[in-house]
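Its first residue numbered 1, the sequence shown is counted upward by one per residue in full-length UniProt numbering.
Ideal placement from N, C-alpha and C gives every residue a C-beta, glycine not left out.
Because the structure is a prediction, the values reported are computed rather than measured.
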Amino acid sequence: SPGGRVVRCPIKNMNNGTYLVQYAPYEPGMHQLEVTYENIPVPGSPFRVNAISGSDSTRVRAYGPGLESATTNEPVTFTIETKGAGQGSLGLAIEGPSEAKMVCKDNQDGTCIMEYLPTKAGQYDIAIKFADQHIPG
1 SPGGRVVRCP IKNMNNGTYL VQYAPYEPGM HQLEVTYENI PVPGSPFRVN AISGSDSTRV
61 RAYGPGLESA TTNEPVTFTI ETKGAGQGSL GLAIEGPSEA KMVCKDNQDG TCIMEYLPTK
121 AGQYDIAIKF ADQHIPG
């Protein structure tokens, strides 16, 4: 690992002349993967693998009055926090009796304020995705 951590990986004999090795990098950056057979490096070893930060939609949270209730023709807001969720983009859909115009203000601190304007009374369903995965709640 970039931090110098050495990790042994589980190896499974596939009984067809090949082996399956699985590993999960614990940190982003350049990793060196050393592969040996009977203590002799296989051709090409060590391999260099660049691990990038992934994304975790379960670490995204949304909160605020706009998720609980709203009044027609009055803007309402809620906050989406993506701190610690890794890389990914937000997707948002609001479905209800009328089209609700949405505006997103990125606070440049891992949060954004979403504002929408419901123009007809009724139930509005808000779907929020991060990295193409629904967030909890």
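{"Query": "Out of Pro25, Ala93 and Gln108, point me to the one whose CA is closest to Lys101's CA.", "Result": "Ala93"}
{"Query": "Along the chain, where does the beta strand (DSSP E) that runs through Thr79 open and close?", "Result": "Val76 to Glu81"}
{"Query": "Output yes or no for whether 8 Å exceeds the beta carbon distance between Glu81 and Gly44.", "Result": "no"}
{"Query": "Per DSSP, which one or two residues make a beta bridge with Leu67?", "Result": "According to DSSP, which records beta bridges pairwise, Leu67 is partnered with nothing at all."}
{"Query": "Out of curiosity, what's the CA-to-CA distance linking Gln133 and Val60?", "Result": "10 Å"}
{"Query": "For residue 158 and Lys129, I'd like the C-alpha separation in whole angstroms.", "Result": "As shown, the chain starts at 1 and ends at 137. That puts residue 158 outside it, with no answer to give."}
{"Query": "Helix, strand or coil for Arg5? Go by DSSP, reduced to three states.", "Result": "coil"}
{"Query": "Starting from Asn50, follow the beta strand (DSSP E) in both directions and report where the run begins and ends.", "Result": "Phe47 to Ala51"}
{"Query": "Do you know offhand how far Leu20's Cα is from Pro10's?", "Result": "8 Å"}
{"Query": "So if DSSP puts Glu95 in a beta bridge, which residue, or which two residues, is it bridged to?", "Result": "Asp125"}
{"Query": "Compute the Euclidean distance between the alpha carbons of Met14 and Tyr37, then round it to the nearest angstrom.", "Result": "15 Å"}
{"Query": "So is Ala121 buried or exposed if we call it buried at 16+ other beta carbons inside 10 Å?", "Result": "exposed"}
{"Query": "Could you tell me whether the Cβ atoms of Ala127 and Ser55 are closer together than 8 Å?", "Result": "no"}
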